[in-house]
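Notes for the one structure printed next.
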Amino acid sequence: SMIMGAGNAFVNESEDVLMPPKQLMDLHGVHEVREISDSSSATPLSSPSQDDIQFTWSGSVTLAPGETFTVVPFNDKTTEYVVNRTSALGALDAASVLGEFEYTIQKTDWGPFLYSIDEVVYNPATWDSWLYRVNGEDAQVGVAGYELEDGDLIELWYGAWGSTPETAIGVVTILSLIHI
């Protein structure tokens, strides 16, 4: 799945949102940055060691329906994207305020592209980038275009297409609460 692109937003038919225990562990907004070090670890190769994790944040955000905000891409200061607060990007924007981390958007031919979170940046050589899913389902539309429902769980992670949050060096997990 790609972050960029357009299309119909995925509609979750189920009203019940079941969160796996690992996602319940830490929804109060802990912001943690770990430095990369040379120390080795006994973790399997398929998942990064704790020392490899470059950025992680988990928490819940409250979003107001009907509100919008503006994002200016770093590569074109004359462009402004008006984004719904209740989009996946709106949740990330709210989380960035709570967690005191930054993100950047790049202007592309396909629209706004999530370029970086907390200095973990898109890699044009490997195409590693920030990917996301909502309630465990890969999204079919860009982060600015995905409209959230109350209780949706957004997971953003840094990696190659086809990767998962479990193997990522950067993960942001957001529980979205939508209230007027």
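Under this note's numbering, the residues of the sequence shown are numbered 1241 to 1420, in order. Ideal Cβ placement from N, Cα and C applies to all residues, glycine included.
When Cβ pairs closer than 8 Å are counted between the two stretches, the stretch 1356 to 1367 is seen not to touch the stretch 1323 to 1330, the count staying below three. Taking C-beta separations shorter than 8 Å and ignoring five residues to either side along the sequence, the partners of Thr1319 in its chain run Val1312, Pro1313, Lys1347, following chain order. Where Ser1336 is concerned, the enclosing alpha helix (DSSP H) starts and stops at 1328 to 1339. Ile1418: member of the beta strand (DSSP E) spanning 1410 to 1418, first to last residue. Relative to Ser1300, the option among Val1323, Asn1315, Ala1335 whose CA is nearest is Ala1335. A distance below 7 Å between beta-carbons, with the five flanking residues on each side excluded, links Gly1306 to no residue of its chain.
A direct Cα-to-Cα measurement between Gly1391 and Ala1384 gives close to 18 Å. When the beta-carbon positions are compared, Tyr1372 and Glu1395 come within less than 8 Å of each other.
In this structure, DSSP gives Asp1358 a state outside helix and strand, which the three-state scheme calls coil.
In this structure Leu1393 does not touch Leu1417 by the C-beta definition: roughly 11 Å separates them, more than the 8 Å allowed.
Listed as beta-bridge partners of Ser1403 by DSSP are no residues whatsoever. Around the beta carbon of Asp1349, fewer than 16 other beta carbons lie within 10 angstroms, which makes this residue exposed. Taking the Cβ atoms as the reference, Phe1295 lies roughly 6 Å from Ile1357, within the contact range of under 8 Å. Around the beta carbon of Val1322, fewer than 16 other beta carbons sit within 10 angstroms, so the residue counts as exposed. Inter-residue distance for Gly1382 and Tyr1398 is about 15 Å (C-alpha atoms, whole angstroms). The C-alpha of Asp1292 is placed about 31 Å away from the C-alpha of Gly1351. Close CB contacts of Lys1317 within its chain, under the 6 Å cut and outside five residues either way in sequence, are absent. Of the other Cβ atoms in all chains shown, fewer than 16 fall within 10 Å of the Cβ of Ala1304; this residue is therefore exposed. Assignment of beta-bridge partners to Glu1395 by DSSP yields Arg1373, Thr1413.
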